[in-house]
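Residues 0 to 242 in numbering that gives the first Met the number 0 are what the sequence shown lists, from first letter to last. Beta carbons are placed, not taken as given, at the ideal position from N, Cα and C, and that holds for glycine.
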Amino acid sequence: MATWEQKFVRFVAERWVFQGTDPHDYTPRTLILAFGEDFLSPRLERHEHFGALYSGLLGGHRVGYMKVPPGTVILEGVMRALQFTRVDHVIGLGTCGALQQEIDCGDIIVADAAKAGDCLSLHYGFDYNQVIPADKGLTVSLSDFLSRRGMAVHCGPIVTTGAVLRETDELLAEWNRDGYLGVELEASALFALASWMKMKSTIALLVTDSPVREETSGELHGRRREAFVQGIIDYIGSPEISA
Numbered sequence: 000m001a002t003w004e005q006k007f008v009r010f011v012a013e014r015w016v017f018q019g020t021d022p023h024d025y026t027p028r029t030l031i032l033a034f035g036e037d038f039l040s041p042r043l044e045r046h047e048h049f050g051a052l053y054s055g056l057l058g059g060h061r062v063g064y065m066k067v068p069p070g071t072v073i074l075e076g077v078m079r080a081l082q083f084t085r086v087d088h089v090i091g092l093g094t095c096g097a098l099q100q101e102i103d104c105g106d107i108i109v110a111d112a113a114k115a116g117d118c119l120s121l122h123y124g125f126d127y128n129q130v131i132p133a134d135k136g137l138t139v140s141l142s143d144f145l146s147r148r149g150m151a152v153h154c155g156p157i158v159t160t161g162a163v164l165r166e167t168d169e170l171l172a173e174w175n176r177d178g179y180l181g182v183e184l185e186a187s188a189l190f191a192l193a194s195w196m197k198m199k200s201t202i203a204l205l206v207t208d209s210p211v212r213e214e215t216s217g218e219l220h221g222r223r224r225e226a227f228v229q230g231i232i233d234y235i236g237s238p239e240i241s242a
């Protein structure tokens with residue numbers, strides 16, 4: 000007999016995520032989740048709607064895509080709905096603040112792990128403040144690919160926080176001292192959900208501010224943002240994503 004959790008996940012998948020379309024018809028193996036910013040939908044070719052999700056071509060390769068609001072509530076529903084599809088790779092795209100002095104606005108951070116400052120990860124097998132790993136192979140592959148294209152890429156651990164406007168000087172100093180590269184809102188929850196669902200996941204982040212330098216930037220709409228987007232498209236179209 001199905002549990003209430005199983006029934007409710009099915010309800011969310013059918014009514015909210017796929018909105019009446021059949022999730023079994025959603026054929027991409029790779030889903031890209033853009034957190035906060037719509038990085039890729041204008042670049043999708045031959046796109047189709049499956050409720051809240053898109054399917055389309057990037058670099059000649061069919062992928063799934065969705066822009067997700069900042070935070071973790073929508074992320075949980077989307078990720079759990081993927082159990083009814085063929086998706087087994089999830090790549091997050093987002094922005095972050097740099098926590099190390101040598102990281103410039105416009106650089107890219109590919110996170111190999113995230114310290115769980117969110118509350119969702121606790122429900123999927125991890126403790127608060129535990130460092131949750133991304134998929135190693137997918138992370139190294141994406142980081143190396145972007146680096147070979149001349150981008151300033153940093154690969155290492157980041158912090159996920161549940162309070163974007165409560166980054167105190169004491170917290171920033173602690174995160175800097177502990178060697179975390181950046182801070183954002185979703186990565187630890189993404190990694191926890193993917194691990195629980197036995198999927199591969201990683202996240203690539205465009206640095207748009209530096210709390211440790213007290214700097215903000217226009218890189219969210221600049222030349223380096225476009226290079227970041229094109230690098231992701233080229234990676235999706237390459238054989239490396241499935242290596």
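Comparing alpha carbon positions, the residue from HIS220, ASP103 and ARG148 closest to ASP233 is ARG148. LEU98 and SER187 have their C-alpha atoms spaced approximately 17 Å apart. If you look at GLU173, you'll find it in the alpha helix (DSSP H) that goes 168-176.
Two segments are said to touch when three or more pairs of C-beta atoms, one from each, lie closer than 8 Å; by this definition the stretch 106-119 touches the stretch 129-143. The residues GLY19 and PRO22, in chain order, have a CB closer than 8 Å to that of GLU13 in the same chain once the five nearest residues on each side in sequence are set aside. A direct Cα-Cα distance of roughly 30 Å separates GLY91 from THR2.
CA-to-CA, the gap between PRO41 and VAL109 works out to about 23 Å. Boundaries of the beta strand (DSSP E) around TYR53: 52-57.
Beta-bridge partners assigned by DSSP to ASP37: none are found. If you ignore the 5 residues before and after ILE73, its C-beta comes within less than 6 Å of the C-beta of VAL67, all in its own chain and listed in chain order.
With a minimum length of 4 residues, there is no unbroken run of alpha helix (DSSP H) contained wholly in the stretch 74-145.
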